[in-house]
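Undergrad: Submitted below is the structure of interest, expressed as structure tokens.
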Amino acid sequence: MGTDARTDWEERIGLRSGEAAIGAAPELAPPSGVTAVAGGAQVTLTWDAVPGAVGYQVYVADSADGELHQLDHAGRDVLAVPHPPYADTTGEPGRERWYAVATLSDVGAEGKPSDRVSATPTTEAGDVTVAVDAGSDLGELARPWRPMIGSEHLSHALSTDTTGGRVVGAELTAALRAAHDELGVRTVRAHAILCDDNAVYREVDGEPVHDFTAVDRVYDHLRSLGLYPVVEISYMPRDLASDPDTTVFDYRAIVSPPKDWQRWHDLVRDLTQHLVDRYGREEVVTEWSFEVWNEANLGVFWSGTPAEYMRLYDVSAAAVRSVDDRLVVGGPASAAAGWVEETLAHVDASGAPLDFLSTHTYGSPPLDLRPALERHGRAGTPIWWTEWGVTPTHFNEISDAVFSGVFLLRGMASAMDRIEALSYWVVSDHFEELGRPPALLHGGFGLRTVGELRKPRWWALAMLERLGETRLPVALAGDGAGSLVEAIGTRTEDGVVSVLAWNMTLDQTKADGSEPLAREVAVQVDGLVPGATYSLAHHRVDADHSNVPGVWGRLRDDDQAWPTDQQWETLRDADRLDSLAPAGEVVAGPDGRVVVAFSLPMPSMSLLELTAVR
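For reference, each letter of the sequence shown is one residue, going 5 to 618 in this note's numbering.
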């Protein structure tokens, strides 16, 4: 199970590779207009946006003059949020607490907290109204899940090994194909294309030899699925490494700088030239991209210094662009939104190209990095979160839970119209960073299980992909409206009106569910044809619907790792997007309004679809 790799990971994951020497994001004033509104088992905080802010850190104290602490929603990574409102569900009903909000101009540059406000969550929950105007038009719905998905190192997709009796490569391939065909995904970002399993580099009699035969097999396979790669330029080939014994993961990826910078440049240049020659210059220029390394701000992924990473970036970007100056290259692919300001300041000084800004985070919606780009005169540069998820922790049961799916919905909704690509990490539980899956449900990062069953978070993306092309205005009112309960409304070219509503808190201590946070919801759709009949479909993901992990929890014995043949059949029967009964027809009133009322547990998500009956 990769015990040694897992122990090493746990010991080193919190260690930074060093503080970057440049970057000076300003200290911003705290937000004004901070308010705290109490509701059932929650307090909703709002505030006025601060120009230049990439996010906000919420603080809480137990008394008016008590010590402020970061409000910890147990996300295990960046706790700051990109915008209000924020629903705090960590308090106790009937107990007053005091809140303040600080402004961030960078994940490492935080201003002073605001004046305090207080609120006391109640024991009684109120209802929520979701009002959708089907006759209006807010423009095209943004779809930040389509550009990219994460995956295990892509040579894994060619493996004939088995896990749990399932062929690894065949099932990872099936998951990637489904992401393309069912979710509209266009590219795949994965580690380790330069690792020694692909044998790209060796030295013979002291001279470099490049061989891209295995890379061809990997990328030919990916292209056969209709997908394009994000070429993550990593990790270091053994014969080129300055420290070949410093590695990460069960497959021992080498994380040191090169021993010879010119030979590194030549390897990257020759790889890029080979890709252009093999797949066509115009395709690689328009559809492919190149990202420099992975999370070099963590010591577990980079044994060099920050300055050496900046040199790696410059050398790698120059090598890519030496083949064609239209090729797309970016970074820093950092952990926890780090080194954004430092990278921008560095490329300002070095002149290295930065065609996209990439970073990672877990446990919160991604920060808003547009102000950082604007400060450096780079407004409009695409922002790619090339890893994002509910938790950075391997083998965490939250990854299999309904909560994780609703978290995905919330993050994608937050990202719309401000982030070009939000790439969920990863597509499949066929994943071996810290050892291959020990059981069917083991807290794997995948959207799909070993055995190709869809987890609740797959359904989150599937629901989003079902939405129409045109976004509709949505107004929410009530207890936790817009903070706990959120919604998106759309219309298709054929007139199908969809409303996707969900209920969740960022508080992962309540990932198993919280009855006090459940809400009764009334969805009111206006702008329909008066007196017209519409068919109504209601698709649901919650503890009892569209939830294969829940079914497996009821089927399995306590120590059972993998299903029996009969259990596999039961699980496959349950692997569907459930529709609530009774499905039927509704008639719009003389005012063109339809109202649909239902319960929305926390966590859960519901997709309503109204289709005119011809």
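Heads up, the beta-carbon is just placed ideally off N, CA and C, and yes, glycines get one too.
(1) Which same chain residues end up closer than 8 Å to Thr-39 when comparing Cβ atoms and leaving out the 5 residues on each side of it in sequence?
(2) When the Cα atoms are used, what is the spatial distance from Ser-610 to Leu-275?
(3) In whole angstroms, what is the alpha-carbon distance linking Arg-4 and Gly-593?
(4) Can you tell me whether Thr-124 is helix, strand or coil according to DSSP?
(5) So does the stretch 446–460 actually touch the stretch 82–102, counting three or more Cβ pairs closer than 8 Å?
(6) DSSP beta-bridge partners for Phe-602?
(7) At the level of alpha carbons, what is the spacing between Leu-180 and Trp-102?
(8) Using the Cα positions of Leu-540 and Pro-586, report the straight-line distance between them to the nearest angstrom.
(9) Flag this pair as yes or no: are the beta carbons of Asp-131 and Gly-482 separated by less than 7 Å?
(10) Let me confirm a value: Pro-336 is counted as buried when at least 16 other C-beta atoms fall within 10 Å, else exposed. Which label applies?
(11) Answer with buried or exposed for Glu-473, where buried requires no fewer than 16 other C-beta atoms within 10 angstroms of its C-beta.
(12) Under three-state DSSP, which class holds Phe-294?
(13) Going by Cα to Cα distance, which pick from Gln-512, Ser-338, Leu-604 and Pro-86 is closest to Ala-485?
(14) In its own chain, which residues sit with a C-beta less than 7 Å from the C-beta of Glu-391, not counting the 5 before and 5 after it?
(15) Return helix, strand or coil for Ser-362, following the three-state DSSP convention.
(16) Can you tell me the Cα-Cα spacing of Ile-423 and Val-219, whole angstroms?
(17) DSSP three-state call for Val-288: helix, strand or coil?
(18) By alpha-carbon positions, which one of His-157, Arg-475 and Asp-516 ends up nearest to Val-235?
(19) Only counting the same chain, and skipping five residues up and downstream in sequence, which positions put a Cβ closer than 7 Å to that of Gly-59?
(20) Evaluate Glu-519 with the Cβ neighbour count: other Cβ atoms within 10 Å of its Cβ, from every protein chain shown; 16 or more gives buried, anything less gives exposed.
(21) Between Arg-147, Arg-618, Gly-381 and Ser-362, which has its C-alpha nearest Ala-353's C-alpha?
(22) Alpha carbon to alpha carbon, how far is Val-394 from Val-47?
(23) Report the three-state DSSP secondary structure of Leu-413 (helix, strand or coil).
(24) DSSP has Glu-114 in a bridge; who is on the other side?
(25) Using a Cβ-Cβ cut-off of 6 Å (strictly less than) and excluding sequence neighbours within five positions of Arg-597, which residues of its own chain qualify?
(26) Grab the span of the beta strand (DSSP E) containing Ala-481 for me, first residue to last.
(27) Going by Cα to Cα distance, which pick from Leu-438, Pro-262 and Leu-468 is closest to Asp-619?
(28) Since Pro-233 is in the beta strand (DSSP E), which residue starts that stretch and which ends it?
(29) Can you check whether the CB of Val-222 is closer than 7 Å to the CB of Ser-159?
(30) Among Val-171, Met-606, Leu-504 and Ser-550, which residue has its Cα nearest to the Cα of Gln-512?
(31) Sort out for me which residues DSSP pairs Tyr-428 with in a bridge.
(32) Does Trp-102 come out as helix, strand or coil in the three-state DSSP assignment?
(33) I'd like the ranges of any beta strand (DSSP E) spanning at least 3 consecutive residues and lying wholly in the stretch 204–231.
(34) Is any heavy atom in the ligand COA found nearer than 6 Å to the beta carbon of Gly-535?
(35) So what does DSSP say about Gly-588, is it helix, strand or coil?
(36) Does the beta-carbon of Asp-200 have 16 or more other beta-carbons within 10 angstroms, so that it is buried, or is it exposed?
TA: Reading it off the structure:
(1) Leu-49, Thr-50, Trp-51 and Val-121
(2) 46 Å
(3) Residue numbering for the chain in the displayed model covers 5 to 618; residue 4 lies beyond these limits and cannot be assessed.
(4) coil
(5) no
(6) DSSP lists Val-525 as partners of Phe-602.
(7) Straight across, the Cα-Cα distance linking Leu-180 with Trp-102 is about 47 Å.
(8) 9 Å
(9) yes
(10) buried
(11) Glu-473 comes out exposed.
(12) strand
(13) Leu-604
(14) Gly-154, His-364, Ser-427 and Trp-429
(15) strand
(16) Looking at the two C-alpha atoms, the distance is approximately 30 Å.
(17) helix
(18) His-157
(19) So the list reads Ala-84, Val-85, Pro-86, Leu-108, Leu-371 and Asp-372, once near-sequence residues are dropped.
(20) exposed
(21) Gly-381
(22) So the two alpha carbons sit approximately 22 Å from each other.
(23) helix
(24) Leu-108
(25) Annotation for Arg-597: Asp-530 place their beta carbon closer than 6 Å to its own, counting only its chain and skipping 5 residues before and after.
(26) In the DSSP assignment, Ala-481 falls within the beta strand (DSSP E) that extends over 478–482.
(27) Here the chain covers residues 5 to 618 and nothing more, so residue 619 does not appear.
(28) 232–237
(29) For Ser-159 and Val-222, yes; Cβs fall inside 7 Å.
(30) Met-606
(31) Trp-392
(32) strand
(33) 205–208 and 211–214
(34) As far as ligands go, the structure on display features none, and thus does not contain the ligand COA.
(35) Correct three-state label for Gly-588: strand.
(36) buried
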